[in-house]
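Following: one structure in structure tokens, then a few remarks.
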Amino acid sequence: MKRFNHINIYKTIFICCFGVLFANCEVKDGEIGPAGQNANNGIDGTDGVNGTDGTDGLGFGELTQFGSITLTLEGTRPDDVAFTDSNVFRFTPLSPEILPQSNSVIVEESSLQFDFGRFLSVPGGEEFQSVGTTLSLLVTNPDTAPEFNLSLFSIFQYPVISEDLTVLDITTFVGSDADIENFNITNFNFNNETNVLTFSFTLDVPENRNSTGNELSVSGEVDVILLREIQGVVEEL
Numbered sequence: 003m004k005r006f007n008h009i010n011i012y013k014t015i016f017i018c019c020f021g022v023l024f025a026n027c028e029v030k031d032g033e034i035g036p037a038g039q040n041a042n043n044g045i046d047g048t049d050g051v052n053g054t055d056g057t058d059g060l061g062f063g064e065l066t067q068f069g070s071i072t073l074t075l076e077g078t079r080p081d082d083v084a085f086t087d088s089n090v091f092r093f094t095p096l097s098p099e100i101l102p103q104s105n106s107v108i109v110e111e112s113s114l115q116f117d118f119g120r121f122l123s124v125p126g127g128e129e130f131q132s133v134g135t136t137l138s139l140l141v142t143n144p145d146t147a148p149e150f151n152l153s154l155f156s157i158f159q160y161p162v163i164s165e166d167l168t169v170l171d172i173t174t175f176v177g178s179d180a181d182i183e184n185f186n187i188t189n190f191n192f193n194n195e196t197n198v199l200t201f202s203f204t205l206d207v208p209e210n211r212n213s214t215g216n217e218l219s220v221s222g223e224v225d226v227i228l229l230r231e232i233q234g235v236v237e238e239l
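The opening position of the sequence shown corresponds to residue 3 in the working numbering, with each subsequent residue numbered one higher.
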């Protein structure tokens with residue numbers, strides 16, 4: 003005779019009863035309640051106090067105080083592409099060895115000798131930030147019938163950057179009136195009290211006197227303040 007395993011029978015009955023109870027007690031979701039009201043926006047906080055202004059940085063006023071030269075160049079690049087470029091040269095080198103050539107006027111009874119130049123940016127060494135232009139102009143009979151003799155005009159290491167992302171180094175050197183064409187000055191004025199010199203000019207630089215290999219047309223506006231050099235007394239020691 004086999005014995006019944008009462009423990010297994012009780013487990014089976016318990017599992018069946020629990021399953022029936024769970025099925026009959028399954029909870030159904032109720033209806034969705036009404037949406038709540040939007041909350042009020044919070045009040046903006048008070049703006050903070052503005053901070054203290056910082057100290058102004060060092061400028062270059064001492065290098066730009068003597069005015070500027072504006073140049074416009076029109077020409078043709080060595081690859082036969084035409085270009086036009088304009089810029090303002092406003093920085094004056096202040097070295098006493100350079101000033102007589104870069105920002106001076108010599109006043110004589112019937113003539114004025116002007117020697118001046120400007121850098122495009124803060125001047126550096128010969129190979130660093132040395133882009134510039136110089137002019138040497140003799141004016142005779144300035145108060146009656148002025149005559150103009152340009153003995154020097156130069157542009158050195160000026161980069162012309164074109165829209166096709168190319169760069170051309172413009173360098174010219176004109177040593178006398180014979181080296182230029184169509185030289186003309188208008189609106190000339192020199193104030194003998196303030197040393198302010200203003201005039202407009204145009205000239206053409208021949209192809210063999212500039213780095214484009216083609217004729218270069220230059221127009222410019224000069225508005226500078228020049229210095230008069232006082233010769234010191236040199237004594238033998």
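In this text, a Cβ means the ideal position worked out from N, Cα and C, and glycines have one as well.
Measuring alpha carbon to alpha carbon, tell me which residue in the options is nearest residue i.
i, options, result
"VAL109", "VAL198, ASN186 and ASN52", "VAL198"
"LEU114", "PRO208, ILE232 and ASN194", "ASN194"
"ARG79", "PRO161, GLY177 and ILE182", "PRO161"
"ASP117", "SER106, ASN210, ARG92 and GLU111", "SER106"
"SER213", "ASP81, PHE150, LEU152 and ASN89", "ASP81"
"ASN184", "GLU165, PHE150 and THR200", "PHE150"
"THR86", "ASP46, GLU165, PRO144 and PRO208", "GLU165"
"ILE232", "LEU101, ASP181 and LEU205", "LEU101"
"VAL90", "SER104, ASP49 and VAL133", "VAL133"
"GLN67", "LEU152, ARG92 and PRO148", "ARG92"
"LEU137", "ASP145, ILE34, PHE201 and ASN143", "PHE201"
"THR188", "GLU209, PRO144 and VAL169", "PRO144"
"LEU152", "ILE163, THR146 and LEU139", "LEU139"
"ILE182", "VAL169, ILE163 and GLU209", "GLU209"
What residue range is occupied by the uninterrupted alpha helix (DSSP H) comprising residue i?
i, result
"GLU64", "63 to 66"
"LEU101", "101 to 104"
Tell me whether residue i is buried or exposed, calling it buried when 16 or more other Cβ atoms sit within 10 Å of its Cβ.
i, result
"GLY53", "exposed"
"ARG230", "exposed"
"ASN42", "exposed"
"PHE62", "exposed"
"LEU167", "exposed"
"VAL51", "exposed"
"LEU228", "buried"
"VAL83", "exposed"
"ASP46", "exposed"
"ASP49", "exposed"
"ASP55", "exposed"
"THR196", "exposed"
"THR135", "buried"
Measuring only from the beta carbon, is residue i closer than 7 Å to any heavy atom that is part of the ligand COA?
i, result
"ILE34", "You won't find the ligand COA in this model; it holds no ligand whatsoever."
Name the two residues that bound the continuous beta strand (DSSP E) containing residue i.
i, result
"PRO161", "149 to 163"
"GLN115", "113 to 121"
"GLU223", "218 to 227"
"ASP181", "Note, ASP181: premise wrong, no beta strand (DSSP E); not H, not E."
"GLU76", "69 to 78"
"THR214", "Counting along the chain, THR214 falls outside any beta strand (DSSP E), and DSSP gives it neither H nor E."
"ASP87", "84 to 91"
"ILE172", "169 to 176"
"GLY134", "134 to 142"
"THR204", "198 to 207"
What do you reckon, are the CB atoms on residue i and residue j nearer than 8 Å?
i, j, result
"VAL124", "LEU65", "yes"
"PHE203", "ASN186", "yes"
"ASP225", "SER70", "yes"
"SER97", "THR74", "no"
"ARG120", "VAL176", "no"
"GLY222", "THR72", "yes"
"PHE155", "THR173", "no"
"SER219", "GLU76", "yes"
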